[in-house]
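Here the structure comes first, spelled out in structure tokens, and everything after it is commentary.
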Amino acid sequence: MKMLRTRSCIFLASAAVLVAGSTLARAADPREGFSFGSCTLTGKPNTISLTTLEKDTLTVATPLPNPGWWNGTSPSSISSGFEYCLAADIAYRAGLHHLKIVNMAWDQYISGTSTGYDIALGSTTITPARQKVFNFSRPYFSAGLGVATLPSNNISEGNVKAKRIAVLQGNVGADWVTHILKPQSVLVYQSSPDMFTALMAHQIDAVVTDTTLALTQAKMSNGNIRVVGQYNVDQGYGIITAKTSVNTQAIDKAVAELAADGTLKQLSKTYLQPMFGVSPDSVPVWSLK
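Taking our numbering, the leading residue of the sequence shown gets 3, the next gets one more, and so forth.
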């Protein structure tokens, strides 16, 4: 009888330890209390320190729509996407519980005159000219310039210079097309949707923009638009902070850690590859002729 009581006590004590251990394990999850849409958070909170406009909130400026990067058409509808979850992970690592998204038109976003945000995150290529206006983090993504067109337009590496080419105002591709590619005609548009609407209406022959954005539009067109080539211009996307910001170094540190721990690669695999339909590396690389 005494032996049974002893075994019972040992069993109850073991069970108590297991329950306590389980409780401690749950309590030890650093992500508890943090939730940003469908994002899977990585790293640990409070590993960087940010000074923000609003308490416990990271305010992020971006030009919408931008499928794959920000999945949704308005700030209130977004809960996933490469850049949304990148911003969420930065907020989490700063110990912040909220994201506030500020939607801006592209020309307003890239002008350098806008205020009211902590960081700006919108597939923004780092260039020497832009570095005079903004501070940038190290690149979190790299892309070339893709050539998107309709199959009936018969655009090729050899004849593209003789065609009507659309570019996005303020985009690196606009300067490159105008001064390096030098096609017969360059038409500048205020937004990405405007460019691709013009392409579908046969008002232009091709769009030259970031390969990732071109592939996204092609996938959404159900085969009507194709990305037939790309130019390797080694574009790197960086996170913007204002020249007066005290957060620049902390944001750069966060991007470095997100690259080192594999988070950026996972974000690309989760949100970008399904949007592209094909790997950007599979698009033929064109040279200037």
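Virtual Cβ for every residue (Gly too), placed ideally from N, Cα, C. If you're wondering where the values come from, they're calculated on a predicted model, not measured in any experiment.
For residue i and residue j, I'd like the C-alpha separation in whole angstroms.
i: glycine 146; j: threonine 211; result: 8 Å
i: tryptophan 288; j: isoleucine 157; result: 12 Å
i: arginine 132; j: leucine 55; result: 23 Å
i: lysine 163; j: phenylalanine 38; result: 45 Å
i: alanine 122; j: arginine 166; result: 32 Å
i: lysine 291; j: threonine 246; result: 43 Å
i: proline 65; j: proline 32; result: 31 Å
i: methionine 106; j: alanine 63; result: 7 Å
i: leucine 201; j: leucine 52; result: 43 Å
i: asparagine 226; j: threonine 199; result: 12 Å
i: histidine 100; j: proline 77; result: 13 Å
i: serine 116; j: threonine 61; result: 13 Å
i: arginine 95; j: aspartate 177; result: 36 Å
i: threonine 213; j: phenylalanine 84; result: 16 Å
i: tryptophan 72; j: serine 81; result: 8 Å
i: proline 69; j: leucine 274; result: 9 Å
i: lysine 134; j: threonine 127; result: 13 Å
i: threonine 59; j: alanine 89; result: 11 Å
i: aspartate 283; j: serine 40; result: 28 Å
i: threonine 272; j: lysine 255; result: 23 Å
i: glycine 305; j: threonine 129; result: Since the first residue of the chain shown is 3 and the last is 291, residue 305 is not available in this structure.
i: glutamine 171; j: threonine 250; result: 26 Å
Using the three-state DSSP reduction, which class does residue i fall into: helix, strand or coil?
i: isoleucine 80; result: coil
i: leucine 251; result: Note on residue identity: the sequence assigns glutamine, not leucine, to residue 251. Helix at glutamine 251.
i: leucine 170; result: strand
i: histidine 181; result: helix
i: tryptophan 108; result: helix
i: phenylalanine 1; result: In this structure the chain extends from 3 to 291, so residue 1 is not present and cannot be described.
i: tyrosine 142; result: coil
i: asparagine 48; result: coil
i: aspartate 207; result: coil
i: serine 187; result: strand
i: methionine 5; result: Since pLDDT at methionine 5 reaches only 43, below the 50 mark, its modelled position is unreliable, and the value read off the structure follows with that caveat. Methionine 5: helix per DSSP, three-state reduction.
i: glutamate 159; result: coil
i: alanine 90; result: helix
i: aspartate 212; result: strand
Is it buried or exposed, residue i, if we count other Cβ atoms within 10 angstroms and call 16 or more buried?
i: arginine 34; result: The residue you asked about is not arginine; residue 34 is glutamate in the sequence shown. Exposed, since its Cβ has fewer than 16 Cβ neighbours within 10 Å.
i: aspartate 109; result: exposed
i: serine 139; result: buried
i: serine 79; result: exposed
i: alanine 258; result: exposed
i: glycine 160; result: exposed
i: valine 248; result: exposed
i: serine 113; result: exposed
i: aspartate 120; result: buried
i: serine 125; result: buried
i: glycine 231; result: buried
Got a sec: does the ligand PLP put a non-hydrogen atom nearer than 6 Å to the Cβ of residue i?
i: phenylalanine 138; result: Ligands are entirely absent from the displayed structure, and the ligand PLP is therefore not among its contents.
To which residues does DSSP link residue i through a beta bridge?
i: threonine 115; result: DSSP, once it has assigned bridges, lists no residue as partnering threonine 115.
i: glutamine 232; result: Gly148, Val287
i: valine 62; result: Ile103, Ile121
i: threonine 127; result: Tyr239
i: glutamate 56; result: Thr59
i: tryptophan 72; result: Asn68
i: alanine 261; result: In DSSP, alanine 261 forms no bridge with anything.
Open item on the list: Between the stretch 151–170 and the stretch 201–211, can you find at least three pairs of beta-carbon atoms closer than 8 Å?
Closed with: yes
Open item on the list: Count Cβ pairs between the stretch 233–241 and the stretch 192–202 that sit closer than 8 Å; are there 3 or more?
Closed with: no
Open item on the list: Count Cβ pairs between the stretch 216–228 and the stretch 272–284 that sit closer than 8 Å; are there 3 or more?
Closed with: yes
Open item on the list: Between the stretch 44–59 and the stretch 261–269, can you find at least three pairs of beta-carbon atoms closer than 8 Å?
Closed with: yes
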